[in-house]
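Chemist: I have a structure I would like to understand better, so I am pasting it below and will then ask my questions one at a time.
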Amino acid sequence: MNPLKHVAIIMDGNGRWGIKYKNSRNAGHKAGLNTVEKIIKETIRNKISYLTLFAFSTENWKRPKKEINYLFNLLENFLSNRISDLHKQNIKLKILGSKKFSPKLNKLLINSEKKTSKNTKLQINLALNYGSKSELIDAFKKIKKSKSIINEKNLSKNLQTKNIPDPDILIRTGNTKRLSNFLLWQLAYSEIFFERKLWPAFNENDYNKIIKDYKNIKRNFGKI
Ligand code: FPP
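For the sequence shown, the working numbering begins at 2 and goes up steadily by one.
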């Protein structure tokens, strides 16, 4: 059975779910947040140490302003209401991506990271305004500046995910098969599961089925 330390998820399909069932994309984002809560619980129950969630990409700024504002309001409310409880549950929050949001949200994100920084049960990496290509370019720039040699170890050390093991599993919901500029380096050997269901419809059973399937895969890492 494969050990499982880190699950990464591209939470796709909120908009389509919202339109289909509530005639509003934003209603899909709200429902998507409920799925986030369910999956956090199930990640803890499965004793997984890292959960990385792709919540907003550098490309998502191209969406209508109304939708962007709704998403960030949702996040603000979530953190304001839930961070103390996450902290009590010994959960650490880390933000991947650059914090270029409203001063209020930036502060909330920084404070949430600080408050939970010593926690050890589960680390949630929330990718917000994150893009893998710019993360890689920044890492190369840092290596060049420090006049170090370019090798795998130095590159990994200069990514925002330094000290985080690479994901064992990547799940993408929403019946789309692409990586969308997410963790391109870190996913080199991850087992990838493309799920037909839209993110708000994804549930604990779907998650546990993926975990079970992953545990039985023969992982070779290039060997035979
Ligand atoms: C992709 O679905 C989802 C997003 C861009 C946002 C993810 C946000 C959540 C799951 C809820 C909020 C989470 C937090 C942490 C506040 P899409 O809108 O691209 O769906 P579509 O492909 O159907 O249009």
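All C-beta atoms in this analysis are idealised placements derived from N, C-alpha and C, irrespective of residue type, glycine included. In this text, all values refer to a predicted model and were calculated from it rather than measured experimentally.
When the distance is taken between beta carbons, is Gly14 closer than 7 Å to Leu199?
Modeler: As a position in the sequence shown, residue 199 is number 198, starting the count at 1. As a position in the sequence shown, residue 14 is number 13, starting the count at 1. Going by C-beta atoms, Leu199 is nearer than 7 Å to Gly14.
Chemist: Across the segment 36–45 and the segment 18–26, are there enough close Cβ pairs to call them in contact, namely three or more that are closer than 8 Å?
Modeler: They do not touch, by the three-pair rule.
Chemist: Are Asn126 and Asn91 close, meaning C-beta to C-beta below 7 Å?
Modeler: Locating residue 126 in the sequence shown gives position 125, where the first residue counts as 1. Locating residue 91 in the sequence shown gives position 90, where the first residue counts as 1. In this structure, Asn91 does not lie closer than 7 Å to Asn126 by Cβ.
Chemist: Give the DSSP bridge partners of Asn126, in chain order.
Modeler: Along the sequence shown, one-based indexing puts residue 126 at 125. According to DSSP, which records beta bridges pairwise, Asn126 is partnered with Thr53 and Lys95.
Chemist: Just to confirm my understanding: we take Ala32, look at its own chain, exclude 5 residues before and 5 after, and list those with CB closer than 6 Å. What are they?
Modeler: Here residue 32 refers to the residue found at position 31 of the sequence shown. So the list reads Pro201, once near-sequence residues are dropped.
Chemist: Report back the beta-carbon spacing between Lys95 and Glu114 to the nearest angstrom; my notes put them in contact at under 8 Å.
Modeler: The residue you call residue 95 lines up with position 94 of the sequence shown. The residue you call residue 114 lines up with position 113 of the sequence shown. The Cβ separation is near 6 Å, so the contact holds.
Chemist: Of the choices Trp186, Arg220, Thr174 and Asn35, whose alpha-carbon is the least far from that of Asp207?
Modeler: Here residue 207 refers to the residue found at position 206 when the sequence shown is read from its first residue. Closest option to Asp207, Cα to Cα, is Thr174.
Chemist: So the candidates are Phe203, Arg197, Lys213 and Tyr190; which of them puts its Cα closest to the Cα of Lys224?
Modeler: Position 223 of the sequence shown holds residue 224. It is Tyr190 whose Cα lies nearest to the Cα of Lys224.
Chemist: Leaving out the 5 sequence neighbours to the left and right, which residues in its chain are closer than 6 Å to Thr53 when beta-carbon positions are compared?
Modeler: The sequence position of residue 53 within the sequence shown is 52, counting from 1. Within the same chain, Thr53 has close Cβ partners Ala9 and Asn126.
Chemist: Contact check, Tyr51 vs Lys6 under 8 Å by CB: the rounded distance?
Modeler: Taking the sequence shown and counting its residues from 1, one reaches residue 51 at position 50. Taking the sequence shown and counting its residues from 1, one reaches residue 6 at position 5. Tyr51 to Lys6, Cβ: 6 Å. Contact.
Chemist: Rounded to a whole number of angstroms, what is the C-alpha to C-alpha distance between Leu165 and Trp18?
Modeler: Counted from its first residue, the sequence shown places residue 165 at position 164. Counted from its first residue, the sequence shown places residue 18 at position 17. The residue asked about is misnamed: residue 165 is Ile in this sequence, not Leu. Cα to Cα, the separation comes out at about 32 Å.
Chemist: Is Lys122 near His88, with beta carbons less than 7 Å apart?
Modeler: In the sequence shown, residue 122 corresponds to position 121, counting from 1. In the sequence shown, residue 88 corresponds to position 87, counting from 1. The answer is no: Cβ separation not under 7 Å.
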